[in-house]
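Order-wise, the sequence lines are chains X and H.
The numbering of the first sequence is UniProt numbering, which starts it at 1 and goes up by one.
The numbering of the second sequence is UniProt numbering, which starts it at 1 and goes up by one.
Beta carbons: idealized from backbone N, C-alpha and C, even for Gly.
These notes concern the structure reproduced below.
Number of protein chains: 2
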Amino acid sequence: MPTDAVEDYLKSIYRIESRVGPPVSTSQIADSLDKTPATVTSMVETLADRGLLSREKYTGVELTPAGEVAALEVVRRHRLIEAFLAEQLDYEATEVHDEADALEHHVSEEFTRRVERVLDYPAADPHGDPIPPADLSTPEDAGTTLVAALDPGERGTVARVSDRDPDVLEFLVDAEITPGTTVEVVDITSFGLVTVRTSDGDEHGLPEAVADRVYVRRAAESTAATDGQEAGDA
Amino acid sequence: MPTDAVEDYLKSIYRIESRVGPPVSTSQIADSLDKTPATVTSMVETLADRGLLSREKYTGVELTPAGEVAALEVVRRHRLIEAFLAEQLDYEATEVHDEADALEHHVSEEFTRRVERVLDYPAADPHGDPIPPADLSTPEDAGTTLVAALDPGERGTVARVSDRDPDVLEFLVDAEITPGTTVEVVDITSFGLVTVRTSDGDEHGLPEAVADRVYVRRAAESTAATDGQEAGDA
DNA sequence: TAGACGTTTTTGACTGGTCTAAATTAATAG
DNA sequence: CTATTAATTTAGACCAGTCAAAAACGTCTA
Ligand SMILES: [Mn+2]
Ligand SMILES: [Mn+2]
Ligand SMILES: [Mn+2]
Ligand SMILES: [Mn+2]
Chain X
1 MPTDAVEDYL KSIYRIESRV GPPVSTSQIA DSLDKTPATV TSMVETLADR
51 GLLSREKYTG VELTPAGEVA ALEVVRRHRL IEAFLAEQLD YEATEVHDEA
101 DALEHHVSEE FTRRVERVLD YPAADPHGDP IPPADLSTPE DAGTTLVAAL
151 DPGERGTVAR VSDRDPDVLE FLVDAEITPG TTVEVVDITS FGLVTVRTSD
201 GDEHGLPEAV ADRVYVRRAA ESTAATDGQE AGDA
Chain H
1 MPTDAVEDYL KSIYRIESRV GPPVSTSQIA DSLDKTPATV TSMVETLADR
51 GLLSREKYTG VELTPAGEVA ALEVVRRHRL IEAFLAEQLD YEATEVHDEA
101 DALEHHVSEE FTRRVERVLD YPAADPHGDP IPPADLSTPE DAGTTLVAAL
151 DPGERGTVAR VSDRDPDVLE FLVDAEITPG TTVEVVDITS FGLVTVRTSD
201 GDEHGLPEAV ADRVYVRRAA ESTAATDGQE AGDA
């Protein structure tokens, strides 16, 4: 029943909520969907009428449980399709997004299940975003942003790279900073340059805007200062 | 640029043209798309304005070369998607149609090429409908309808079964009258019952409406009456 | 050749999604 | 506490696609 537009709004609100929390403002939605604020106001009204979100005028919106379920269904389809494109049709991680953005509104539940089965129930899409299972039960373990998780000298595993800016994503993929790889923070300057070493030994300087789009999990118990042990689990 | 609706109209007109030829009437289109005649009139006006078809009021429409190209692109995507669903996701031939009908408007050229490549350039969809190649050059060899092609006693290979009526399709699939199988016409009655024997030896009585949806190619040079030779190429 | 009848078009209306321009509101700086 | 400013909402418009009801058309029959 929901139209493409409705699904896109829900998905967008969901993603903003899970990044910065509610309330989600009109302009945040407008930016992320590339619509005018007037358009967004009108749409969130109808979404509120349908019980998919609660709205306080001039403040913002927040998904209701029903809205969150609907959003998660879209997110699930989106990520599953991305995984599928990468896996079965040999798409690059940088190419899957737009295709999935169109398809996500038009695949049936049947299709979704079959894709999931063929891929053997993948946990994450090609960027590392977790794929909600059919019961939509995922708590969204996103990992922590690079500088928040690691001090200089520490290592971690990349859990996820944001796919929001295609250029940033392209850069990260080229640098081999992708889900599953290991990174070590070499240095963090006061002016926001983060230098990391990747598993192939290369060093890359990441401006803050880029570093903030890399999410990692600390390598278990191997703080460089307190512990010389560096046995790697590649 | 064309919307889903525009593509559906073009596809529908194309299929009617290739079945009964132009001009295609308002009501034929309305029937096949399940729209009211008023709606169709309004849409064919805009299609004519865009140069996709020529129209004579109160008579009907005919695709222009541009319209035919656009239609063939949709048909190509549709059939490729059907083949893909059957092949890679294990759909039954009876299940692919609706899914493809939605997806056909939302897959990119890139996607289409990749699917085609993965399937190794398939010639036909699961019902036997030919898949136009990327240059859209296909002349559509559809095969000939069962009673037109075969006299009683003759055999032929099923080239194609119409997918228009899901129930008929289901029946044919159950009877194992599907593209690639061999059928022998046992008897044709004056009142339109066609009895055929399938390769497994079973006989099936097909009412005219069903028989007309099975397209075959005569088994080369093995007319039962004039020739005892029945060497089979399965 | 005049109806009658079925088909097609016209008319007018509605929904969903979008925009621009104008009005309103909330937050903030003086 | 008021004035400026930025964000938001309202007002009014438009487009695509659709339908129901009414009018126009063309054909075929009596
Ligand atoms: Mn989308
Ligand atoms: Mn993604
Ligand atoms: Mn369609
Ligand atoms: Mn088909």
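1) Does the beta carbon of His106 of chain H sit closer than 8 Å to a beta carbon anywhere in chain X?
2) Can you list, in chain order, every residue whose CB sits closer than 6 Å to a heavy atom of ligand 3?
3) Taking only heavy atoms of ligand 2 into account, decide whether any of them is closer than 7 Å to the Cβ of Arg79 of chain X.
4) Please list the residues of the segment 78-89 of chain H that have a C-beta atom closer than 9 Å to any C-beta atom in chain X, keeping them in chain order.
5) Can we count Glu82 of chain H as close to ligand 4, meaning its CB is less than 7 Å from some heavy atom?
6) Using a Cβ-Cβ cutoff of 9 Å, what residues of the segment 98-123 of chain X are near chain H? List them in chain order.
7) Under 8 Å Cβ to Cβ from Arg217 of chain X, same chain only, skipping five residues before and after it: list those, please.
8) Where does Ala219 of chain X fall in DSSP's three states?
9) Would you tell me roughly how many angstroms separate the C-alpha atoms of Glu62 of chain X and Pro2 of chain X, rounded to the nearest one?
10) Which residues share a DSSP beta bridge with Ala159 of chain H?
11) Is there contact between the segment 6-19 of chain X and the segment 30-45 of chain X, where contact requires at least three CB pairs shorter than 8 Å?
12) Select from X:Thr178, X:Ser25, X:Val40 and X:Thr41 the residue whose C-alpha is nearest the C-alpha of Glu92 of chain X.
13) For Val20 of chain H, collect the residues of the same chain with a Cβ closer than 7 Å to its Cβ; drop the 5 residues on either side in sequence, then sort them by chain order.
14) On a CA-only basis, which of H:Glu95, H:Val74, H:Glu99 and H:Asp200 is nearest Ser108 of chain H? Give me that one, please.
15) What is the residue span of the beta strand (DSSP E) that Ser12 of chain H lies within?
16) For Ala219 of chain X and Asp174 of chain X, I'd like the C-alpha separation in whole angstroms.
17) Could you tell me which of X:Tyr58, X:Val186, X:Thr39 and X:Thr64 sits nearest to Asp49 of chain X, measuring between CA atoms?
18) Taking the continuous beta strand (DSSP E) assigned at Val185 of chain X, which residues delimit it?
19) State yes or no: is the C-beta of Asp167 of chain H nearer than 7 Å to some heavy atom of ligand 1?
20) Pull up the DSSP beta-bridge partners for Ala102 of chain X, would you.
21) Where Met43 of chain H and His78 of chain X are concerned, what is the direct C-alpha to C-alpha distance, given to the nearest angstrom?
22) For a test of the three-state rule: what should DSSP assign to Ser54 of chain H, helix, strand or coil?
23) Answer yes or no: do Glu68 of chain X and Tyr14 of chain X have a C-beta to C-beta separation smaller than 8 Å?
24) Cβ of His127 of chain X within 7 Å of any heavy atom in ligand 2?
25) Using the C-alpha atoms, what's the distance from Leu172 of chain X back to Thr181 of chain X?
26) Quick one: residues in its chain with C-beta nearer than 7 Å to the C-beta of Ile188 of chain H, no 5 flanking neighbours on either side, listed in chain order?
27) Could you tell me if Tyr121 of chain X is buried or exposed, where buried requires 16 or more neighbouring beta carbons within 10 angstroms of its beta carbon?
28) Determine the direct distance from the alpha carbon of Glu110 of chain H to that of Leu169 of chain H, and round the result to whole angstroms.
29) Keeping to the same chain, check which residues put their C-beta closer than 6 Å to that of Leu72 of chain X; ignore five residues upstream and five downstream.
30) For ligand 1, is there a heavy atom less than 7 Å away from the beta-carbon of Asp49 of chain H?
31) Given Thr41 of chain X, which residues of its chain have a CB within under 7 Å of its CB, disregarding the five upstream and five downstream residues?
32) Using DSSP with H/G/I as helix, E/B as strand and the rest coil, what is Leu169 of chain X?
Looking at the coordinates:
1) yes
2) H:Asp8, H:Asp101, H:Glu104 and H:His105
3) At least one heavy atom of ligand 2 sits closer than 7 Å to the Cβ of Arg79 of chain X.
4) Leu85, Gln88 and Leu89
5) yes
6) Asp98, Glu99, Ala102, Leu103, His105, His106, Val107, Ser108, Glu110, Phe111, Arg114, Val115, Arg117 and Val118
7) Gly143, Thr144, Ala149, Gly156, Thr157 and Ala159
8) Coil at Ala219 of chain X, not helix or strand.
9) 18 Å
10) Ala159 of chain H is not bridged to any residue.
11) yes
12) X:Thr178
13) none
14) The residue with the shortest Cα to Cα distance from Ser108 of chain H is H:Val74.
15) It is not in any beta strand (DSSP E) - Ser12 of chain H instead sits in the alpha helix (DSSP H) that spans Asp4 to Val20.
16) Computed Cα separation, rounded: 23 Å.
17) Of the candidates X:Tyr58, X:Val186, X:Thr39 and X:Thr64, the residue whose Cα lies closest to the Cα of Asp49 of chain X is X:Thr64.
18) Thr182 to Ile188
19) No, Cβ of Asp167 of chain H sits at least 7 Å from all heavy atoms of ligand 1.
20) Its beta-bridge partners do not exist; DSSP assigns none.
21) 32 Å
22) strand
23) Yes.
24) yes
25) 11 Å
26) Val147, Pro152 and Val194
27) exposed
28) Taking the straight line from one Cα to the other gives about 31 Å.
29) Pro132 and Leu136
30) no
31) Thr26
32) helix
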